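Heads up: the sequence shown begins at 18 in my numbering, then just goes up one per residue.
Note that beta-carbon positions come from the ideal geometry of N, C-alpha and C, so glycine has one too.
These numbers were taken from a predicted model, which means no experiment stands behind them.
In what follows, a structure is listed as structure tokens, so that the remarks can point back to it.
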Amino acid sequence: MYYGNIKKYDIADGEGVRVTLFVSGCTNHCLNCFQPETWDFNYGKPYTKETEDEIIEALKAPYISGLTLLGGEPFEPENQRELVHLLKRVREELPNKTIWSYTGFVLDQDLLDGGRKHCEVTDEMLSYLDVLVDGPFIEAKKNISLAFRGSENQRVIDMKKSLKEQEVILYLE
Numbered sequence: 018m019y020y021g022n023i024k025k026y027d028i029a030d031g032e033g034v035r036v037t038l039f040v041s042g043c044t045n046h047c048l049n050c051f052q053p054e055t056w057d058f059n060y061g062k063p064y065t066k067e068t069e070d071e072i073i074e075a076l077k078a079p080y081i082s083g084l085t086l087l088g089g090e091p092f093e094p095e096n097q098r099e100l101v102h103l104l105k106r107v108r109e110e111l112p113n114k115t116i117w118s119y120t121g122f123v124l125d126q127d128l129l130d131g132g133r134k135h136c137e138v139t140d141e142m143l144s145y146l147d148v149l150v151d152g153p154f155i156e157a158k159k160n161i162s163l164a165f166r167g168s169e170n171q172r173v174i175d176m177k178k179s180l181k182e183q184e185v186i187l188y189l190e
């Protein structure tokens, strides 16, 4: 897996001050994507154990609320297979930090069992998330007043409640 950027002080992509990882590789190719360079699976730098250690170290700061995954597309199966280890480590080493992820896929269509992007680690990866912002960016539904999302079709989902209730429970309307 490759990544395009790590931001250690992000206030736009989730609640509080966050560490954000922009992974490379995306097959969605949303019109007017804000990161089209990350569509290429080989864009940026190789993701290594040292990269993971750097993220964990940045998350240890007391003013950091948590980790956010963006892209590219964190839920491309090849990215999930790498990211699941990072998320597990965050949960084990820093259990008070929140984990958010953005995806252009739709949770209940693409990521749950039987979905086109579901793979052997998807359920585990979803179990580590506090919040999932799902759905492709759609230019015709763009709304700059929305919290944590760019278009009205996207949902901010409470993953802990959604997995427990086995239905989509929104974190924010």
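Pop quiz: residue i and residue j are said to be a contact at Cβ under 8 Å. What is the actual Cβ separation, rounded to whole angstroms?
i, j, result
"residue 115", "residue 82", "6 Å"
"residue 122", "residue 92", "5 Å"
"residue 140", "residue 177", "That belief does not hold up - the Cβ atoms of residue 140 and residue 177 are roughly 14 Å apart, past 8 Å."
"residue 21", "residue 61", "4 Å"
"residue 173", "residue 138", "Wrong, their Cβ atoms sit about 23 Å apart, outside the cutoff."
"residue 34", "residue 76", "That belief does not hold up - the Cβ atoms of residue 34 and residue 76 are roughly 11 Å apart, past 8 Å."
"residue 89", "residue 168", "Contact flag wrong, Cβ pair sits at about 18 Å."
"residue 69", "residue 103", "5 Å"
Within its chain, find whatever has a CB closer than 6 Å to the CB of residue i; leave out the 5 residues flanking it on each side and keep chain order.
i, result
"residue 119", "87, 150"
"residue 54", "60"
"residue 49", "156"
"residue 80", "34"
"residue 127", "133, 134"
Which of the three DSSP states is assigned to residue i in this structure?
i, result
"residue 153", "coil"
"residue 189", "strand"
"residue 44", "coil"
"residue 178", "helix"
"residue 162", "coil"
"residue 140", "helix"
"residue 27", "strand"
"residue 129", "coil"
In its own chain, which residues sit with a C-beta less than 7 Å from the C-beta of residue i, not counting the 5 before and 5 after it?
i, result
"residue 99", "18, 64"
"residue 175", "148, 186, 187, 188"
"residue 124", "149, 151, 174, 185"
"residue 166", "150, 173"
"residue 142", "97, 100, 101, 104"
"residue 14", "Residue coverage of the chain in this structure runs from 18 to 190, which leaves residue 14 outside it and unanswerable."
Report yes if the C-beta of residue i is less than 7 Å from at least one heavy atom of the ligand NAP; otherwise report no.
i, result
"residue 100", "Inclusion of the ligand NAP in the displayed structure is not the case, the ligand content being empty and no account of it being possible."
Under the rule that 16 or more other beta-carbon atoms within 10 Å means buried, what is residue i, buried or exposed?
i, result
"residue 39", "buried"
"residue 162", "exposed"
"residue 72", "buried"
"residue 44", "exposed"
"residue 171", "buried"
"residue 27", "buried"
"residue 66", "exposed"
"residue 3", "There is simply no residue 3 to check, as the chain begins at 18 and stops at 190 in what is shown."
"residue 97", "buried"
So, for residue i: in the same chain, excluding its five sequence neighbours on each side, which residues have a beta-carbon less than 8 Å away from its beta-carbon?
i, result
"residue 181", "none"
"residue 136", "94, 97, 98"
**OP:** Taking only runs that begin and end inside the segment 95-123, name each unbroken beta strand (DSSP E) of 3 or more residues, in chain order.
**Re:** The beta strand (DSSP E) runs lying completely inside the segment 95-123 and spanning 3 residues or more are 115-119, given in chain order.
Original post:
Which runs of the alpha helix (DSSP H), 4 residues or longer, sit entirely within the segment 50-93?
Top reply: As far as the segment 50-93 is concerned, its whole alpha helix (DSSP H) runs of at least 4 residues are 66-76.
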